[in-house]
Each structure stands twice: as C-alpha cells, then as structure tokens.
Amino acid sequence: MNKFKYIVYIALVAIVATSCRKTLELAPEDYYGDGNFWQNESQVTNFMVGLHKQFRDNRFMFLRLGEMRGGGFSNTDRQNTSLSELTIINHDIEETSSGIGSWAGFYGPILQLNLFIQKVEAADFLVADKKNYLLGQAYAMRAYYYFHLLRTYGGVPIQLEPEVSNGNTDAVALRKARASEAEVLDAIKADVNKSISLFGTAGAPADKSQWNPLASLMLKGEVYLWSAKLYNTTADLAEAKSALNAVTGTSLLPSFGDVFKTKNNSEVIFAVRYRDGEAEMGTAYSYFLYSTYNFDNLHVKDSTTLGPTLVDPLNIASAPAQIIQRYAYTYELFQSYDVADTRRDATFYDYYKTSASGADVVVTVRNTALVKFPGQMDAANRRVFTDDWPVYREADRLLMLAEITNAEGGDPSSYIQQIRDRAFANADPTPFVSGSQDDNELAIFAERSKEFVYEGKRWYDIRRMKYGGEPLVFISASHPYGVLDKGTQGYKILWPVETAIWTNDPLVDQTPGYATSKPK
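For the sequence shown, position 486 matches number 470 in our numbering, and the numbering has no gaps at all.
Structure (structure tokens):
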C-alpha cells in the first residue's frame, strides 16, 4: 500500500549512517547508497542508533495512543488557553476526525526494521553474539510497534518484508488488507519470542537507552497478559508470569521522584533517552505546565486563602521551550492521591484561583501542572526538559505480576504492598488487604493510575483490566473509571482509520462500527 511506498530507503540511510558523539546524537558525515552501505559493523550499529532515534521521535505518539483516551486528561480549559487534541480526549473520533492518521506513522519505522532484519540476517561480517544481539533488538522493536497498532486499531496490515527497498514499488502490488487481530497477535508473539531467543544469555547493558534483553521479557509479559485478558487465552497468564519473573537485577528506588531524575537507575529497564545538547521533550512536555502570562500573581498555593499570589514557582519562565498549558490532567486524578502519598507532589503541582465571598474564601479554579519530569536546573533557572521517559521499569513489572496473580485467583498483596510502601515512605496508613478478585483488580488499577501518569499506560490498562468480567473502559456503577458507554460506543475501543487510508488502498476496510463513505 502507499503507506509502505512513500518511505524512501535512501533518505533513511543518509540519516542513520553517521558518526555518533553521544548515544543518539547523529551528525551526517557521508552518503551511503544500498550498494556500499551494509558492509561493516559500524554501519550496522549506526543504523540501529538511527532506529532508536526514530523510536524516540515516536515517544509522544506512544503517549497519545496509550493514555489520552484513558479518562485522566481534562477537556476543560482552566488557564485561558485552548486545549489540544480534544477529539481524542473526548472520544469524538470518526472516519472524518480520526485523531491520528497514517496508522500512527508506525509503518515507516516498521519498514526500516524489516530492512535491518533482512540485511543483518544476511551479513557475514558480524560475530554471532553481536549479530544476534542487534537482531534481538530489531525483532523486539518491531513487535512493540505492532503491539501498539493491535491495541489501537485491532487488525492491521502485516508487513514483515522491506518490499519497497526490495524493488517492489508497484502501488497495486503493495496493497494489503487488514489481518485479523489473532493474526497480528501471532506475529507479535513470534517476534518477541524470536527476540528473546536471539538475546540468549546476554546481560542487560548499563546504558538503558537502547532495547535490551530485559525489555524483551517485559514486552513478552505485557503481550501475553493482554492476550490472556482480552482474548481469554488463560494459558498465556503463565507465559506472562514466567517472562516477568525472568527479569532480574532490578529494584524499586526508595524515592519515587528519583526514578525520573536519575538516568540508568536500578528501577529503569528501558527508557527513551533525553540529554542536554542532544534532544529534549520540548513542547511534548512543556505544554503540560503553565504560561506565566496566565499564571503569575493570579493563583495561590493554599486554596483557603487569597494570598500570597504565586510567581513562577516552578522556575519555568527561563526554559527555552514554549511553556503553556495545552494539555491538562483532571483535578480529580490529583485528588485521588492520599495526601501522604509521595507520588502526588512528585507528579503534580496544584494551584488555585480564589476570591472573597463575604467573610469566606471561594475556590474558582483548581488546577495542576505536571512536574514528574522536571528537567535540568542551572542555578535558579530551568534549562531543558531532559529527563528520560521510561518504557519499562520495575514498578510496572510488579503491578503486572499482581494482576496476573489476581487473575489466577491468588493473593497479589506482596506485589501491591511494595508499591504502596515506596509511595508512603514505609508508613502506609491503609496497607493493602486482599479481597475479592474484582476488588483486587480495582486496587491494582488505582495504583497503576497513580504510578504511571504521563507514561502512556492508562488507556491500555482500562481496556485490559476488568470488573465483573467487563473491561474498565466501559461506564459502570461499580467503579468510576469507565469512559465509554458499552451500548452506544462499544466499537470505539478501537480507533477508526481516515478516508485517505482506504482511498489509497481499497483493500483496507474501516474499523467495524464506524460510519464510512467507502463504497461497498
């Protein structure tokens, strides 16, 4: 299909065939065509660096797909600015307003991974261990992209060969219908298992900014847990548990806030790397803060008072990125934290507008800024937003194990309590007590919703986790987490594709349930 055709191989090679000053800092020095590129280890490893740079470029899309529809994002402006992406946040997605386009842009990276796999598997100049490690990374990254596509669209076209770079540029021949969800899941499982096999006994590197063996085990645990919960393949629970238990050498940091301030720490398994002078989160993070123009001397920290008013308490005015609130989390999410939960103030900075009403103080605006990834300070000034963004970390492993144990009918206390003990500095006022399977599921979700803000997990969590056999995504009197009416919006658990998709490729049908103008 055209989505595969327009990715030009020569352009990528020009980007990735470079000399690296830092892990992901690429500085083009030469031009390489296909005939003289795949000739030595340096070219191959630089291509893998380029694939990780591409992965980093997709970081905000991972967040968009995995979190924005999960009920934690506000659709109400509280700072006299226009909020972004309300189509997604409000579930107003249709064929004519799909929220995202071009299959989230993931077939470009997939094509490059297909090319890498083909070329490296045929390479005879790499020693076996190096070759297998690089291929282990590539297979896992391809599985990760497809896993997002599966959880977003359901069935999608499966492309596992670099057709365009192989010379197939015929638009008709490149057309490909959507595979079934089962077929996509099988392809993901095959890739992640291949990755684990290729990594073999290789240890995880000290630098956690590239895909590694432990990340593949985490991905397998997540994929098989999804399979067990979404498709009722109960046997996959054991596979998920085995993979997660095989992750060793990681541990929770004593302080929740330090997880995001310290690179390569013991809790992080794999993270997207940001670094001063190389790349930073930029607007993808600064749009979750506040504009000093709409903030200074207009808000207070104590909602029971009229003053003193605040002036840039987060020291963000000096940051080079544009600072404004284009995205906001709900105040209800902030309120869901116990006041003694250290995750609350390490995640959000709360502030208020108040006014006098007779002798009383009235709160007119309750708002928060996201402070989970604070970036670097220089003296009293904010310089850059360069904290790493975790893809997988130890807390995720523990809470997935809690979910698996609960699904098996066991007691998840040992896993949940580790998370709560860290959150409450070993002074948990209400230690977890195992209850019914449904009660435990809600307790696990409550911890995940507090633990993983801005880490791209909540939408997938409410789709996967259940109460009374129904996914939490559906509105229910039994819990407050649902966002879709099952009877009228059930089809919206999957996203639509835009008209351009099936216009360019008539074999592709619209996601079931959505109105479409595609001729029958």
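Every residue gets a Cβ at the ideal spot worked out from N, C-alpha and C, and that includes glycine.
If you're wondering where the values come from, they're calculated on a predicted model, not measured in any experiment.
If you run the structure through DSSP and keep just helix, strand and coil, what is I142? Taking the sequence shown and counting its residues from 1, one reaches residue 142 at position 158. In this structure, I142 counts as coil in the three-state DSSP scheme.
Given 8 Å as the limit, is there contact between the segment 92 to 105 and the segment 355 to 367, that is, 3 or more CB pairs closer than that? no
Would you check if the segment 382 to 393 and the segment 428 to 437 touch, i.e. whether three or more CB-CB distances between them fall below 8 Å? yes
Run through the DSSP bridge pairs and tell me what W373 is partnered with. Indexing the sequence shown from 1 puts residue 373 at position 389. V256, per the DSSP bridge assignment.
Drop a sphere of 10 angstroms on the beta-carbon of E482, count the other beta-carbons inside from all chains shown, and report buried for 16 or more, exposed for fewer. For the purposes of this step, residue 482 is taken as the residue at position 498 of the sequence shown. Flag for E482 reads buried.
Is the beta carbon of F31 less than 7 Å from the beta carbon of G120? Against the sequence shown, residue 31 aligns to sequence position 47. Against the sequence shown, residue 120 aligns to sequence position 136. No, these two residues do not count as a Cβ contact at 7 Å.
I believe Y313 touches R350 by the beta-carbon criterion, under 8 Å. Please report the beta-carbon distance rounded to the nearest angstrom. Within the sequence shown, numbered from 1, the residue matching residue 313 stands at position 329. Within the sequence shown, numbered from 1, the residue matching residue 350 stands at position 366. Rounded, the Cβ-Cβ distance is 12 Å, inconsistent with contact.
For L70, which residues from the same chain have a beta carbon less than 6 Å from its beta carbon, with the 5 sequence-adjacent residues on both sides left out? In the sequence shown, the residue the question calls residue 70 occupies position 86. Excluding positions up to five away in sequence, the list reads N59.
So F408 is in the alpha helix (DSSP H); what residue range does that whole segment cover? For the purposes of this step, residue 408 is identified with residue 424 of the sequence shown, where counting begins at 1. From DSSP, F408 is part of no alpha helix (DSSP H); its letter is neither H nor E.
Under the three-state DSSP convention, the category H75 falls into: On the sequence shown, residue 75 is found 91 positions in, with the first residue counted as 1. In the structure shown, H75 sits in coil (DSSP, three-state: anything other than H, G, I, E or B).
Determine which residues share a DSSP beta bridge with Q309 and list them. Locating residue 309 in the sequence shown gives position 325, where the first residue counts as 1. For Q309, which the question treats as bridged, DSSP gives the partners F272.
State the DSSP-derived secondary structure class of Y451, mapped to helix, strand or coil. Here residue 451 refers to the residue found at position 467 of the sequence shown. In this structure, Y451 counts as strand in the three-state DSSP scheme.
Going by other Cβ atoms of all chains shown within 10 Å of its Cβ, with 16 needed for buried, is A340 buried or exposed? In the sequence shown, counting from the first residue as 1, residue 340 sits at position 356. Flag for A340 reads exposed.
If we count the other Cβ atoms within 10 Å of its Cβ and call it buried at 16 or more, is E105 buried or exposed? For this step, residue 105 is matched to residue 121 along the sequence shown. Flag for E105 reads exposed.
Give the straight-line distance between the Cα atoms of E147 and R159, rounded to the nearest whole angstrom. Translated into the one-based positions of the sequence shown, residue 147 becomes position 163. Translated into the one-based positions of the sequence shown, residue 159 becomes position 175. Using only the alpha carbons, I get a separation of about 11 Å.
Strictly by DSSP, which residues pair up with K356? Position 372 of the sequence shown holds residue 356. Answer by DSSP bridge pairing: none, since K356 is not bridged.
So, helix, strand or coil for M265, using DSSP? Reading the sequence shown from its first residue, position 281 is the one you call residue 265. In this structure, M265 counts as coil in the three-state DSSP scheme.
Per the DSSP calculation, R366 is bridged to which residue(s)? Here the question's residue 366 lines up with position 382 in the sequence shown. BP columns for R366 point to M361.
With a 10 Å radius around its C-beta and 16 neighbouring C-beta atoms as the bar for buried, classify Y475 as buried or exposed. By 1-based counting over the sequence shown, the position of residue 475 is 491. Classification of Y475: exposed, given that the 10 Å Cβ count is below 16.
I308 to M202 span [Cα, whole Å]: Your numbering for residue 308 matches position 324 in the sequence shown. Your numbering for residue 202 matches position 218 in the sequence shown. About 35 Å.
With the cut-off set at 7 Å, would you say W479 and G54 are in Cβ contact? As a first step, residue 479 must be located in the sequence shown, where it is residue number 495. As a first step, residue 54 must be located in the sequence shown, where it is residue number 70. The answer is no: Cβ separation not under 7 Å.
Range of the contiguous beta strand (DSSP E) that encloses S339: Here the question's residue 339 lines up with position 355 in the sequence shown. Note, S339: beta strand (DSSP E), 332 to 341.
Can V207 and F90 be called in contact, C-beta distance under 7 Å? Taking the first residue of the sequence shown as position 1, residue 207 is located at position 223. Taking the first residue of the sequence shown as position 1, residue 90 is located at position 106. No, Cβ-Cβ distance for V207 and F90 is not below 7 Å.
Examine the Cβ distances between the segment 293 to 305 and the segment 238 to 257 and report whether three or more of them are shorter than 8 Å. no
For the structure I just gave you, are there three or more beta carbon pairs, one from the segment 319 to 329 and one from the segment 277 to 290, closer than 8 Å? no
Neighbour-count burial assignment, Q63, 16 or more Cβ in a 10 Å radius: Here the question's residue 63 lines up with position 79 in the sequence shown. Counting Cβ neighbours within 10 Å, Q63 comes out buried, since at least 16 surround it.
Contact belief for Q494 with K502 at Cβ below 8 Å, rounded distance in angstroms: Walking along the sequence shown from the start, residue 494 turns up at place 510. Walking along the sequence shown from the start, residue 502 turns up at place 518. Contact holds; Cβ gap of about 6 Å.
Would you say the segment 410 to 418 touches the segment 257 to 266, given that touching needs at least three Cβ pairs under 8 Å? no
When you compare the segment 213 to 220 with the segment 191 to 201, are there three or more beta-carbon pairs, one atom per stretch, that lie closer than 8 Å? no
Going by beta-carbon coordinates alone, are M52 and I73 separated by less than 7 Å? Residue 52 sits at position 68 when you count from the first residue of the sequence shown. Residue 73 sits at position 89 when you count from the first residue of the sequence shown. A contact, by the Cβ cut-off of 7 Å.
Going by CA-CA distance only, name the one from Y271, A166, P415 that's closest to D322. By one-based count along the sequence shown, residue 322 stands at place 338. Taking only the C-alpha atoms, the option nearest D322 is P415.
Starting from G92, trace the alpha helix (DSSP H) in both directions and tell me its first and last residue. For this step, residue 92 is matched to residue 108 along the sequence shown. From DSSP, the alpha helix (DSSP H) with G92 extends over 91 to 106.
Close beta carbons around A505, own chain, < 6 Å, minus the five adjacent residues each side: Since the displayed the chain opens at -15 and closes at 504, residue 505 lies outside it and no answer follows.
How is T289 classed by DSSP in three states: helix, strand or coil? Here residue 289 refers to the residue found at position 305 when the sequence shown is read from its first residue. Three-state DSSP puts T289 in coil, outside helix and strand.
Kindly identify the DSSP beta-bridge partner or partners of L468. Position 484 of the sequence shown, counting from 1, holds the residue named residue 468. Note: L468 sits in a beta bridge opposite F458.
What is the rounded straight-line gap between the Cα of S68 and the Cα of Q319? The residue you call residue 68 lines up with position 84 of the sequence shown. The residue you call residue 319 lines up with position 335 of the sequence shown. Each residue's Cα considered, the two are about 23 Å apart.
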